[in-house]
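Notes follow once the structure below has been shown.
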Amino acid sequence: MSSRTSISRLDPPTRRELRKAQTRRQLLDAARSLFVKRGYDATRPQDIARAAAVATGTFYLHFEDKRDAFLAFTDEAAAELMECVRAHATAGDFAGRLRQSLEAILEYSERHPGVLPAAFADASVIAAGASEGACLRDRLALSLAQSLREGMQRGDLRGDYDPAVIAHAIVGLVQQGLRYGTHAGIERGPLLEDLVRFCARALVSDGRS
38 MSSRTSISRL
48 DPPTRRELRK
58 AQTRRQLLDA
68 ARSLFVKRGY
78 DATRPQDIAR
88 AAAVATGTFY
98 LHFEDKRDAF
108 LAFTDEAAAE
118 LMECVRAHAT
128 AGDFAGRLRQ
138 SLEAILEYSE
148 RHPGVLPAAF
158 ADASVIAAGA
168 SEGACLRDRL
178 ALSLAQSLRE
188 GMQRGDLRGD
198 YDPAVIAHAI
208 VGLVQQGLRY
218 GTHAGIERGP
228 LLEDLVRFCA
238 RALVSDGRS
């Protein structure tokens with residue numbers, strides 16, 4: 038088989054795959070924009086298709102339904118956020134890592150306005166039976182729980198808590214605390230310090246923070 042024949046046979050499916058990926062990217066970008074601007078309930082599949090400049094039927098070639106598109110959006114947002122957090126949270130102590138993680142979350146939120154509030158959708162959006170980690174809140178809690186377990190194993194953190202329970206509690210506390218602090222006009226420094234000090238005093242072994 039000549040190289041020309043081989044390439045000619047490989048090119049068409051490659052082009053189709055590229056077009057398919059590009060169309061999915063257009064749809065996901067449109068979904069992201071609409072979920073941020075309108076919210077989940079007010080966004081319809083046909084709206085996403087129209088914003089992506091494709092037929093509504095094309096939407097269903099890439100996503101089963103609106104929920105599927107929403108989960109793809111939150112999965113992408115979670116991956117972006119976790120990458121940002123991992124790049125920032127390099128301190129050796131729990132309080133330092135938590136502070137850096139919160140700073141990373143705020144930085145991501147400022148770079149991508151509206152994405153986190155949209156991705157932190159009400160749990161009712163996620164259908165019953167969805168796997169753990171299906172929503173952004175769970176993804177953050179799973180990552181934090183692993184960090185807590187590691188801290189407990191090293192002896193840096195108290196070991197008399199269930200790390201999964203505490204991780205979900207911290208995510209909720211931070212989410213509400215940041216929301217309130219932002220709306221109340223509290224400066225970032227004091228806001229982060231209050232949240233970090235509260236968590237560290239409750240969890241750090243021997244009172245170290």
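Position 149 of the sequence shown, counting from 1, maps to 186 under the numbering used here, and the rest follow consecutively.
Glycine is no exception: its CB is placed at the ideal position from the N, C-alpha and C atoms.
- The three-state reading of DSSP puts V91 in coil, since its state is none of H, G, I, E or B.
- Measuring C-alpha to C-alpha distances from L194 to each of L153, A132 and S146 identifies A132 as the nearest.
- Ranked by Cα distance from E113, the first of D66, A92 and L71 is D66.
- Rounded to whole angstroms, R225 and L139 show a C-alpha spacing of 10 Å.
- Around the beta carbon of R176, 16 or more other beta carbons lie within 10 angstroms, which makes this residue buried.
- By alpha-carbon distance to A237, the top candidate from A89, A155, R148 and M189 is M189.
- The alpha carbon of H205 has as its nearest neighbour, out of R136, G218 and A178, the alpha carbon of A178.
- Nearest to A126 by C-alpha distance, out of T93, Q137 and T60, is Q137.
- Contact between I85 and L71 holds, since their C-beta atoms are separated by about 6 Å, short of 8 Å.
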